[in-house]
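Chemist:
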Amino acid sequence: MLITLVKESTQGYTAFTMQNTIDMECEDFEDIIFDALQLEGEDLSGRTFIDCSFQNCRLSECQLRGATFRDCRFENCELTLLKVENAGFSNTEFISSRVQGINFSDSTEYMFYSDFIDCDVRHCYFSNMNLSKKNFSGSRFRDSEFHKINLSEALFVKTEFSETGFGDCDLRKADFSDARGYSIHPEQNKLRGAIFSVPDVLALLAPLGIKIKEA
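Written out as structure tokens, the structure reads:
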């Protein structure tokens, strides 16, 4: 598959925009900036991306089975219905991007260690991962789920949740300052040392059947 892009040199990176040609059949990509790349239904299985930056890109219904993204960055991107079985996202950042309909639990557990900052995350599933100390601040999670995740010391500052639950997660020392809409059962998650803000922290009492009476 050939993609029309233009090649430039930018601070040690090789930058590609939609004017010249790069062969996406290559197996390995390193230190490359992909700008305004649009792929739909393409097969990128087994590809390796190291220190690459994806800017203003749109990937929809692509196959990423066994692909590896290490020290990569997705910024202002739209990622929809990607197949990520056995894919790795190690030290990868998703910033100001829409991430929709992806079952990240299918990815390789020990190679998933990512930040989601100021992102719009919808219909995504995360399970059996170590995301300790990762940053989810400013993001919006809708109809998503965290299950059996180590989120100790993770940052959820000003994060908004809607129809998104936490089940059997380690949230010790996680920071939910100014976060809203979270659904966390205190008896099903570890919360010691976690930080919450008033009045949203009162939502933690709802699963316990506790009623709050105003003074």
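Numbering-wise (my numbering), the sequence shown opens with residue 5 and increments by one.
Idealized CB from N, CA, C, for every residue including glycine.
This structure is a prediction, so every number in the text was calculated from the model and none was measured.
1. Between which residues of its own chain and residue 14 is the CB-CB distance below 8 Å, once the five residues before and five after are set aside?
2. If distances are taken between C-alpha atoms only, which option among 54, 147, 173, 178 comes closest to residue 199?
3. Check for me: the beta strand (DSSP E) holding residue 131 runs from which residue to which?
4. Would you mind giving the Cβ-Cβ distance between residue 53 and residue 78, rounded to the nearest angstrom? I have them listed as a contact below 8 Å.
5. With distances taken Cα to Cα, identify the nearest neighbour of residue 68 among 46, 76, 81, 62.
6. If you draw a straight line from the C-alpha of residue 220 to the C-alpha of residue 201, how long is it?
7. Enumerate in chain order the residues of its own chain whose CB-to-CB distance from residue 183 is below 6 Å, with the five nearest sequence positions on each side excluded.
8. Report the partner residues of residue 67 according to the DSSP bridge assignment.
9. At what residues does the beta strand (DSSP E) containing residue 92 begin and finish?
Modeler: According to the structure data:
1. Here the question's residue 14 lines up with position 10 in the sequence shown. Low confidence applies here, because residue 14 scores a pLDDT of 45, under 50, leaving its location unreliable; read the following figure in that light. These residues qualify, in order along the chain: 37.
2. Mapped onto the sequence shown, residue 199 falls at position 195. Comparing C-alpha distances from residue 199 to each of 54, 147, 173, 178 shows the shortest one belongs to 178.
3. One-based indexing of the sequence shown puts residue 131 at position 127. Its beta strand (DSSP E) spans residues 129-134.
4. Counted from its first residue, the sequence shown places residue 53 at position 49. Counted from its first residue, the sequence shown places residue 78 at position 74. At roughly 10 Å, the Cβ-Cβ gap does not stay under 8 Å, so residue 53 and residue 78 are not in contact.
5. Along the sequence shown, read from residue 1 onward, the residue named residue 68 stands at position 64. The shortest Cα separation from residue 68 among 46, 76, 81, 62 belongs to 46.
6. Absent from the model: residue 220. The displayed extent of the chain is 5 to 219, so no value can be given.
7. Indexing the sequence shown from 1 puts residue 183 at position 179. So the list reads 160, 163, once near-sequence residues are dropped.
8. Position 63 of the sequence shown, counting from 1, holds the residue named residue 67. Looking at the DSSP assignment, residue 67 forms a beta bridge with 47, 87.
9. As a first step, residue 92 must be located in the sequence shown, where it is residue number 88. 92-99 is the extent of the beta strand (DSSP E) around residue 92.
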